[in-house]
Each structure stands twice: as structure tokens, then as C-alpha cells.
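So the protein sequences, as listed, match chains A and B.
First residue of the first sequence: 31, per our numbering; consecutive thereafter.
First residue of the second sequence: 31, per our numbering; consecutive thereafter.
Think of the CB as a built atom: it goes at the ideal place given N, C-alpha and C, for glycine as much as any other residue.
Protein chains: 2
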Amino acid sequence: MYDLGMSLSHALLGLLAVEPRSGYELTKAFAGDLGRYAWQAGHTSIYPELARLAERGLVAVTGEGARGSRTYSVTPEGYAELRSWVLSPPSRGKVRNEEVLRMFLLSALDPADALVVLRRIVEHAAEEGARLRKLVDDAPAAIPAGSAGFGYLAAEFGARQFEAVHGWAQWAIEKLEAAAAEPA
Amino acid sequence: MYDLGMSLSHALLGLLAVEPRSGYELTKAFAGDLGRYAWQAGHTSIYPELARLAERGLVAVTGEGARGSRTYSVTPEGYAELRSWVLSPPSRGKVRNEEVLRMFLLSALDPADALVVLRRIVEHAAEEGARLRKLVDDAPAAIPAGSAGFGYLAAEFGARQFEAVHGWAQWAIEKLEAAAAEPA
DNA sequence: AATCGACATGTCAATACTGTCATGTCAGTT
DNA sequence: AACTGACATGACAGTATTGACATGTCGATT
Numbered sequence: 031m032y033d034l035g036m037s038l039s040h041a042l043l044g045l046l047a048v049e050p051r052s053g054y055e056l057t058k059a060f061a062g063d064l065g066r067y068a069w070q071a072g073h074t075s076i077y078p079e080l081a082r083l084a085e086r087g088l089v090a091v092t093g094e095g096a097r098g099s100r101t102y103s104v105t106p107e108g109y110a111e112l113r114s115w116v117l118s119p120p121s122r123g124k125v126r127n128e129e130v131l132r133m134f135l136l137s138a139l140d141p142a143d144a145l146v147v148l149r150r151i152v153e154h155a156a157e158e159g160a161r162l163r164k165l166v167d168d169a170p171a172a173i174p175a176g177s178a179g180f181g182y183l184a185a186e187f188g189a190r191q192f193e194a195v196h197g198w199a200q201w202a203i204e205k206l207e208a209a210a211a212e213p214a
Numbered sequence: 031m032y033d034l035g036m037s038l039s040h041a042l043l044g045l046l047a048v049e050p051r052s053g054y055e056l057t058k059a060f061a062g063d064l065g066r067y068a069w070q071a072g073h074t075s076i077y078p079e080l081a082r083l084a085e086r087g088l089v090a091v092t093g094e095g096a097r098g099s100r101t102y103s104v105t106p107e108g109y110a111e112l113r114s115w116v117l118s119p120p121s122r123g124k125v126r127n128e129e130v131l132r133m134f135l136l137s138a139l140d141p142a143d144a145l146v147v148l149r150r151i152v153e154h155a156a157e158e159g160a161r162l163r164k165l166v167d168d169a170p171a172a173i174p175a176g177s178a179g180f181g182y183l184a185a186e187f188g189a190r191q192f193e194a195v196h197g198w199a200q201w202a203i204e205k206l207e208a209a210a211a212e213p214a
């Protein structure tokens, strides 16, 4: 009677709801922004989880391709499960983010060390923010709701997050430099 | 020869670097914003990890209190390890965030369902943003670098993140409503 | 025809983590 | 003196995840 590891299964349902895919293609999706910012998983977790979802009837193999590939699609039950999960109250989701942890721990360091990290964050956030902003701009202006639009909302989300991180790091640098200038 | 589970150990080193604490107090720290936004862990992970850190000489018991409590402090080696971790290049840290995953999966849903979720996000982000903004405002204006200031940078970070989420969700609602108004 | 790289899936042992149960202490109340 | 709730740590079984290894296919070069 397990129903843990819920997040991975729902991530898979979500991806398959947008478009049927093989395990390999799902793995590639996790190697991109989805895995980088929302939920990471390797193929060794994905394949067994797909098998479990198929066993529960939430997905089904709807095609076979070259090199033994199997294309999975969500079943109506799978879509219902996904919907109920996304709509369900947030309560307290699992959170693990090494980058954010680093930011939390910044205060534990020497201000000089913290500044080094902050300057790197400023640079990195500017790059990632610009990349995602470009992604959004290049995407079609209207949201073709439901199909190809997957990732458009997410890209805008990411762009804004990085813009916020960028502003924060600059603010933090100013604060630390000001504190260093006038010793107590 | 393991050196995995790095993040938890560094979170502990960071907390102890700010101030010596017992396992119980560390557990409470994880029950707060640290656990909610950066890295979650329960006492059943924390105690064994503390023992391992002590074995490796990165922390040490520097006091014993009532009810069998042991107060841990970082050793110089522990601080060096922490410093090198925070300063080390980001490469690709572990990321797991159920809330962000939900946002990624929004596009997989009916626009009507997505709107429900987005409106809840607007509300929640406004609340959390306001709470953290208040936390920052109530904190001392200058950063007493190194000691009591822990959490000040982090609180501002969180406040800005939620402000960004708030803006994003409002933007997304407008987009979806506009798309619904003019059917293709 | 051999080679190579991307495609595609899988096993397995080791490690990590969660939830549940268990145990005991101490301070303040009743 | 019994009770209660917060303090404080720990064991353990079940589940999840990772990293290393393994296997084979197909298309395009060489």
C-alpha cells in the first residue's frame, strides 16, 4: 500500500498528457529545464515508474518504435489522477534545492566569501534569465492551450525567478559592502 | 567511500557555524523556512548525520544539557568543508520542488483547471510574500554579519521570490483569460 | 565491413530517506 | 503524587534513488 514517490509519477503523467512519449524521451525532458528547476530524475527511476503506472492503468503503451522503444500515453484514469494532484491543496510539498540552500548558508560565511558567491550568482542569474527570456520571446505570442504551449508558462516563470534572484543578489552585495565600509 | 547526501551535511554545518545547537534545535530549524524552501529533513535523518559528521571530525559535542541533549559545534575542519562547498561551482545541484513541478504541469491541464490553481497561487504568494517582507522589515536594518543576521539575506530572498511568483501568476491568468475570450 | 555515436531499455548493489514506533526526561500544573 | 506537554534521542522496516554496469539497435561515416 504505497503511494509515495507521488511527484515523479505525476511529472510523468503531466508530460505524457501533453504528448505521448517513450521512456527515453521522458528522460531527455528531465535532463532539461524540468529536471533542472522542478524535479530531477534519471532513467533508472523513470522506467520502473512507468511500469508501475502502466500496472495501475494510469498510462498505456500505445505504440512501439525502432530499437524496442515503447510510446506511452495517459489513460483517462491517468489524466484524472493528474488533475486531482495538481488541483489538490499544497499543504507541504517536498523541497530540496541545493542552490537555495547555498543562499541560506551564505550568512554563515565570512562576508568576503559571501561576496564571491553573490557575484557569481549575479552573473549566473543574468545568463539564465536572459536565456529563458529569449525562450519566451521566441515562443508564439498566444498560448495554444493544451498542446504545444507546454513550457511557455514555465519559461516565463523561470525568467521571472532569475530576474528576482539577480535583483536580490545585487541588493545583498550592496548591503554587505555597506556593512564592510562602516565597521561597527 | 561515500560522500553523497552532501547537502544535508552542509546544511547542518552551516547552521552550527552560525550557532552551536543540539539535534533537537536543528530539527526545529528544518521545520521552519529552511526546510520549507531550501532543504527538508526530519530528525531521523539529522541525528545519524550528526553522528557521521562527528566521526569525520567536522563537528564536535561541546556541551551537554538537560534531558540528554548534546550541543554540537563545528570544528575548524568543518568550517573549511562548509566554506569550500558554498564556494564550489554550482555545476548541477539536486532539485526537487513539488510546487514548482505543479507549475510546470499546469499547461497539461484544461485552462479552466489551470485558472483555479493560478488563482490559488496568487493568493498564497501574496500571503507568504507579505509574511517574509514583514520579517525583513522587522529585522535590524544593518546586517550584523556572521552571527544573529542569519536568515536576513534568506528572508529578503524569499520575499522577492514570492513577489515574482505573484506577478507571474497574475500574468498567466491574464494570458489564459485572453486566450479563452478569443477562441481560435 | 568495421566503427562510432545516439538511441533505448534494463539490472543490481549501495545508499538515502520517510514514517512509525519506542523510550525517557524535565517543568509546570492539578 | 499523578498528569500533561514539550523536550530529546533513537531503532527499524519499508520505500526511493543513485551510480555503475550491461545489452542491444540503428544510421551514418570511414
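Spatial distance of residue i from residue j (CA atoms)
i       : j       : result
T74(A)  : G53(A)  : 10 Å
A172(A) : E186(A) : Only weak support exists for where A172(A) lies, its pLDDT of 49 falling under 50; the value from the coordinates is given anyway. When rounded, the distance between both Cα atoms is 13 Å.
P174(B) : S118(B) : Any reading at P174(B) must be qualified, since the residue scores a pLDDT of 45, below 50, and its modelled position is unreliable; no value is offered.
W115(B) : A41(B)  : 10 Å
P50(B)  : W198(A) : 28 Å
G98(A)  : V146(B) : 40 Å
R150(B) : D143(B) : 11 Å
A169(A) : L135(A) : 37 Å
Q200(A) : L148(A) : 8 Å
H196(B) : L183(B) : 20 Å
R86(A)  : V48(A)  : 20 Å
A208(A) : L88(B)  : 32 Å
V125(B) : E79(B)  : 20 Å
V130(B) : G181(B) : 22 Å
P106(B) : M133(A) : 21 Å
S103(B) : E212(A) : 30 Å
A210(B) : A59(A)  : 28 Å
G72(B)  : V152(A) : 32 Å
Residue range of the unbroken beta strand (DSSP E) whose run includes residue i
i      : result
E94(A) : 89-94
Nearest to residue i (by Cα), restricted to the options the options
i       : options                           : result
A90(A)  : Y109(A), G72(A), W198(A)          : Y109(A)
L46(B)  : L80(A), A138(A), G197(A)          : A138(A)
E1(B)   : A194(A), Q70(A), Q191(A)          : This structure leaves residue 1(B) out entirely; chain B is present only between 31 and 214.
A189(B) : A156(B), I203(B), G87(B), K124(B) : A156(B)
A84(B)  : K205(B), D140(B), A96(B), T101(B) : T101(B)
A194(B) : H154(B), E212(B), R86(B)          : H154(B)
K205(B) : Q191(B), P141(B), L43(B), P106(B) : P141(B)
A226(B) : E207(B), Q191(B), L162(B), S39(B) : No answer is possible for residue 226(B): the residues shown for chain B start at 31 and end at 214.
R113(A) : S37(A), A208(A), Q191(A), A209(A) : S37(A)
A61(A)  : R122(B), A208(B), E212(B)         : R122(B)
G95(B)  : Q191(B), L43(B), E55(B), A59(B)   : E55(B)
E111(A) : L43(A), A211(A), A210(A), A59(A)  : L43(A)
I76(B)  : G181(B), A210(B), T57(B)          : T57(B)
A166(B) : A202(A), R163(A), F192(A)         : Residue identity check: residue 166(B) is Val in the sequence provided, not Ala. Closest by alpha carbon: A202(A).
Q191(A) : R163(A), R132(A), S103(A)         : R163(A)
For residue i, the first and last residue of its enclosing alpha helix (DSSP H)
i       : result
E207(B) : 182-211
Residue i Cβ short of 6 Å to the ligand FMN heavy atom set
i      : result
A68(A) : Although the ligand FMN was asked about, the structure shown includes no ligands whatsoever.
Report task. Go through the stretch 102-166 of chain B residue by residue and report every complete run of the beta strand (DSSP E) that reaches 3 residues or more, in order. Result -> 125-127
Query raised in the report: Residue ranges of each alpha helix (DSSP H) run of no fewer than 4 residues wholly in the stretch 35-92 of chain A, ordered along the chain?
Result: 36-48, 53-61, 73-85
Query raised in the report: Are three or more beta carbon pairs between the stretch 47-66 of chain A and the stretch 147-161 of chain B nearer than 8 Å?
Result: no
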